[in-house]
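K.L.:
First the structure, then my questions, so here it is.
Protein chains in written order, with this note's numbering: chain Z, 35 to 594; chain L, 56 to 100.
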């Protein structure tokens, strides 16, 4: 990174953080800290909700996913708008009118303290781990590529977030997220423009899209009904719906965002704003990856995107084999390029060339897989799933000075916006649903405020520690989604039973939820089911068993 | 902790019609997006 990049990076991040702190430094009440005094308009609610969900993982992994696997991941979000409607219509009015600080408070209103504690505990376990991944994911990629120390990177991201979250609480989180979303979207548009501008003459957006389609990257939707297929319209609409319903309806890191809204109307508009723009945003980020893939059809890509690992394998015991593979990969690339050029020049009509191009492309993919295996052999500790490095490698190696700093600021902003929501939610749940409930029921407002800040710091330190000791897991965004899916379904089942099954009682729902969680964990460990279905299983098992167990445990005593 | 006066009360059924229209609009937008993606998948393949 050049001096200009560092200036842009530091100025952007510092500007946002200072703005957030100055704007919210006068928060002196628990209501202000936990719920931002309910001052937010719909646009801020919408941007805050979007910024919370779009972590750095989104901007590192998603383009890589588009590059490797095409556009089909966008289907994962098809259920989200439907979930926004249900949450706006049913859940928001209940939470808002009960004046709850956390979603789990509602469970005590509806059932009892035990169910509230179960819901809060599942959230704390799941989100506590995820907060570490939210910091770790960008830190590992940036430290590997830029030579930064991983522990220092984790620490810097974590400490900055703790700083403004502790000063301004929920209000600071929302205010900074608005600025962060502006920086993020500006940065991503610039990156997309640079990629399109780098395509060879005669290859515009239309040609790039058709070439990507010919090479299997424009698989945006599939209507095939296959339960083991992670991404198709049906799994997106059902599994994606349940996951979005659970995430936005029961996860405190989201509930806290929109409960800061000024009124039910403002909250609803904010959520519908998210429902309208989420799919186009994900489509756009995946499309950046697909465009980068097309650029690499014309320009030789790195043999392996985790460049330090590639360099290490070039001087390892596998050096000779690596030389052979890299030379062959260049030849395969040239062969594919010639056929791609011929196919574009035939105006995408020459079927014979298309057949040859498909075979040449498969050979390139196989060659890349071989290089990946060899890197794994040569540098066993290196991250061999290099998909998360694809986009950021392009940024670092191809963008002009200044823009590199801006795009790194995008990644860090995204990391901080999600982490801030998580820490704020973990702090408020620990305070309201555990500490105040069991240890300080008579606590003053000042006491609750100080406890909330202390728990926020504690969870920040836990997240930093987890990030420091975590190791990279397959694909980061999938890891977070899988982790979420293990718990969301059950929590959602509890909430849906609370909202829609008025005859269900507390003991029935509690036993049903415990059994549902066991079913989800059994499915995860002993089946090949796509992870989106875990949400459905957890939710349905809870909702089916809760009425049955209510009949068993909570049957009213018979008169006489 | 909970102060009944800390949050403005909501007018009953206010804006329900407007919100219902937005719900329908969002469903229509989703359907249109899926159809557009289906067309794009077909066109580009």
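Cβ coordinates follow ideal geometry from the N, Cα and C atoms, glycine included.
None of these values were measured; they are calculated from a predicted model.
1) Along chain L, which residues have their Cβ under 8 Å away from the Cβ of residue 118(Z)?
2) Counting only C-beta atoms, is residue 87(L) closer than 8 Å to chain Z at any point?
3) State the Cα-Cα distance for the pair residue 63(L) and residue 587(Z), rounded to the nearest angstrom.
4) Does any residue of chain L have a CB that is nearer than 8 Å to the CB of residue 115(Z)?
5) So what's residue 70(Z) in DSSP terms, helix, strand or just coil?
6) Rank 503(Z), 317(Z) and 406(Z) by C-alpha distance to the C-alpha of residue 341(Z) and give the top, closest one.
7) What are the residues that DSSP puts in a beta bridge with residue 295(Z)?
8) Is it a yes or a no for the segment 525–532 of chain Z touching the segment 279–291 of chain Z, going by three-plus beta-carbon pairs under 8 Å?
9) To the nearest angstrom, how far is the alpha carbon of residue 205(Z) from that of residue 295(Z)?
10) Let me know the secondary structure DSSP gives residue 36(Z) once reduced to three states.
11) Apart from the five residues on each side of it in sequence, which residues of its chain come closer than 8 Å, Cβ to Cβ, to residue 312(Z)?
12) Just the Cα atoms here: how many angstroms apart are residue 378(Z) and residue 186(Z)?
13) By Cβ distance below 8 Å, which residues in the same chain neighbour residue 126(Z) in space, the five residues on each side in sequence not counted?
14) Which residues of chain L have a Cβ atom closer than 7 Å to the Cβ of residue 254(Z), listed in chain order?
15) In chain order, what residues of the same chain have a beta carbon less than 8 Å from the beta carbon of residue 107(Z), not counting five sequence neighbours either side?
16) Taking just the CA atoms, how far does residue 38(Z) sit from residue 238(Z)?
17) Determine the direct distance from the alpha carbon of residue 559(Z) to that of residue 56(L), and round the result to whole angstroms.
18) Looking at the C-beta of residue 310(Z), does it have a partner C-beta in chain L at a distance below 8 Å?
19) Who are the near neighbours of residue 459(Z) in its chain, counting only those whose CB is closer than 7 Å to its CB and skipping five residues on each side?
20) Determine, for residue 112(Z), whether the minimum Cβ-Cβ distance to residues of chain L falls below 8 Å.
21) How long is the line joining the alpha carbons of residue 403(Z) and residue 543(Z), rounded to whole angstroms?
22) Roughly how many angstroms separate the alpha carbons of residue 577(Z) and residue 141(Z), rounded to a whole number?
23) Residues in the same chain with beta-carbon distance under 6 Å from residue 521(Z), minus the five sequence neighbours each way, listed in chain order, please.
24) Taking the beta carbon of residue 134(Z) as the centre, do at least 16 other beta carbons fall within 10 Å, making it buried, or is it exposed?
25) Residue 267(Z) touches chain L at which residues, Cβ-Cβ below 7 Å?
26) Would you mind giving the Cβ-Cβ distance between residue 218(Z) and residue 448(Z), rounded to the nearest angstrom? I have them listed as a contact below 8 Å.
27) Excluding sequence positions up to five away, which residues of its chain have a Cβ less than 7 Å from the Cβ of residue 54(Z)?
28) Does the beta carbon of residue 56(L) sit closer than 8 Å to a beta carbon anywhere in chain Z?
29) In chain order, what residues of the same chain lie with their CB nearer than 7 Å to the CB of residue 243(Z), ignoring the 5 residues before and after it?
30) Starting from the beta carbon of residue 246(Z), find every residue of chain L whose beta carbon is closer than 7 Å, and list them in chain order.
31) Can you tell me which of the three DSSP states residue 43(Z) falls into?
32) Which word fits residue 94(L), buried or exposed, when buried means at least 16 other C-beta atoms lie within 10 angstroms of its C-beta?
33) Residues of chain L with CB under 8 Å from residue 362(Z), in chain order?
34) Round the Cβ separation of residue 136(Z) and residue 462(Z) to the nearest angstrom and send it over; I've been treating them as touching at under 8 Å.
35) Buried or exposed for residue 143(Z), going by 16 or more other Cβ atoms inside 10 Å?
36) Looking at C-alpha atoms only, which residue of 212(Z), 367(Z) and 399(Z) is the closest neighbour of residue 452(Z)?
P.N.:
Put simply:
1) Numbered from 1 along the first chain, position 84 holds the residue referred to as residue 118(Z). What residue 118(Z) touches in chain L: 81.
2) Taking the second chain and counting its residues from 1, one reaches residue 87(L) at position 32. No - not a single Cβ of chain Z is within 8 Å of the one on residue 87(L).
3) In the second chain, the residue the question calls residue 63(L) occupies position 8. In the first chain, the residue the question calls residue 587(Z) occupies position 553. Model confidence at residue 63(L) stands at a pLDDT of 47, short of 50, so the residue's coordinates are unreliable and nothing is read from them.
4) Numbered from 1 along the first chain, position 81 holds the residue referred to as residue 115(Z). Residue 115(Z) counts as touching chain L.
5) In the first chain, residue 70(Z) corresponds to position 36, counting from 1. Residue 70(Z): helix per DSSP, three-state reduction.
6) Stepping through the first chain from its first residue, residue 341(Z) is reached at position 307. Selected option, being the one with the closest Cα: 406(Z).
7) Counted from its first residue, the first chain places residue 295(Z) at position 261. For residue 295(Z), which the question treats as bridged, DSSP gives the partners 74(Z).
8) yes
9) On the first chain, residue 205(Z) is found 171 positions in, with the first residue counted as 1. On the first chain, residue 295(Z) is found 261 positions in, with the first residue counted as 1. Rounded to the nearest angstrom, the two C-alpha atoms are 10 Å apart.
10) Within the first chain, the letter at position 2 stands for residue 36(Z). Three-state result, residue 36(Z): coil.
11) As a first step, residue 312(Z) is located in the first chain; it is residue number 278 there, counting from the start. Counting only Cβ-Cβ distances below 8 Å, and skipping sequence neighbours, we find 84, 87, 111, 114 and 115.
12) The residue you call residue 378(Z) lines up with position 344 of the first chain. The residue you call residue 186(Z) lines up with position 152 of the first chain. When rounded, the distance between both Cα atoms is 47 Å.
13) Residue numbering aside, residue 126(Z) sits at position 92 when the first chain is read from its first letter. 292, 298, 301, 302 and 305.
14) Residue numbering aside, residue 254(Z) sits at position 220 when the first chain is read from its first letter. Correct list: 92, 95 and 96.
15) Position 73 of the first chain, counting from 1, holds the residue named residue 107(Z). 96, 99, 100, 265, 316 and 320.
16) Residue numbering aside, residue 238(Z) sits at position 204 when the first chain is read from its first letter. Residue numbering aside, residue 38(Z) sits at position 4 when the first chain is read from its first letter. Those two C-alpha atoms are separated by around 31 Å.
17) Taking the first residue of the second chain as position 1, residue 56(L) is located at position 1. Taking the first residue of the first chain as position 1, residue 559(Z) is located at position 525. Unreliable positioning characterises residue 56(L) in this predicted model, as indicated by a pLDDT of 43, which lies under 50. The coordinate reading is nonetheless provided below. The straight-line gap from Cα to Cα measures roughly 43 Å.
18) Numbered from 1 along the first chain, position 276 holds the residue referred to as residue 310(Z). So yes, residue 310(Z) belongs to the interface.
19) Sequence index remark: in the first chain, residue 459(Z) carries index 425 (1-based). Once the five neighbours on either side are set aside, the close Cβ partners of residue 459(Z) are 161, 286, 287 and 290.
20) Sequence index remark: in the first chain, residue 112(Z) carries index 78 (1-based). Closer than 8 Å to some Cβ of chain L, the Cβ of residue 112(Z) qualifies, so yes.
21) Looking up residue 403(Z) in the first chain gives position 369. Looking up residue 543(Z) in the first chain gives position 509. Spanning the two alpha carbons is a distance of roughly 48 Å.
22) Mapped onto the first chain, residue 577(Z) falls at position 543. Mapped onto the first chain, residue 141(Z) falls at position 107. Answer to the nearest angstrom: the Cα atoms are 15 Å apart.
23) Translated into positions along the first chain, residue 521(Z) becomes position 487. Only 156 and 160 meet the Cβ criterion.
24) Reading the first chain from its first residue, position 100 is the one you call residue 134(Z). Buried, because 16 or more other Cβ atoms sit within 10 Å of the Cβ of residue 134(Z).
25) Locating residue 267(Z) in the first chain gives position 233, counting from the first residue. Result: 89.
26) By one-based count along the first chain, residue 218(Z) stands at place 184. By one-based count along the first chain, residue 448(Z) stands at place 414. 6 Å between Cβ atoms; contact.
27) The residue you call residue 54(Z) lines up with position 20 of the first chain. Here the set comprises 198, 202, 206, 209 and 210.
28) Here residue 56(L) is taken as the residue at index 1 of the second chain, counted from 1. The predicted position of residue 56(L) is uncertain, since its pLDDT is 43 and thus under 50; no value can be drawn from it.
29) Within the first chain, the letter at position 209 stands for residue 243(Z). Closer than 7 Å at Cβ, skipping near neighbours: 252.
30) If you number the first chain from 1, residue 246(Z) lands on position 212. Ordered by position in chain L, the residues that pass the 7 Å Cβ test against residue 246(Z) are 99.
31) Within the first chain, numbered from 1, the residue matching residue 43(Z) stands at position 9. Residue 43(Z): helix per DSSP, three-state reduction.
32) For the purposes of this step, residue 94(L) is taken as residue 39 along the second chain, with counting starting at 1. By the 10 Å Cβ count, residue 94(L) comes out exposed.
33) Within the first chain, numbered from 1, the residue matching residue 362(Z) stands at position 328. Near residue 362(Z) there are no residues of chain L at all, since even the closest Cβ is about 29 Å away, more than 8 Å.
34) To locate residue 136(Z), count along the first chain from 1; it is residue 102. To locate residue 462(Z), count along the first chain from 1; it is residue 428. That pair is a contact at about 6 Å.
35) The residue given as residue 143(Z) occupies position 109 in the first chain. Classification of residue 143(Z): exposed, given that the 10 Å Cβ count is below 16.
36) For the purposes of this step, residue 452(Z) is identified with residue 418 of the first chain, where counting begins at 1. Considering only alpha carbons, the answer is 212(Z).
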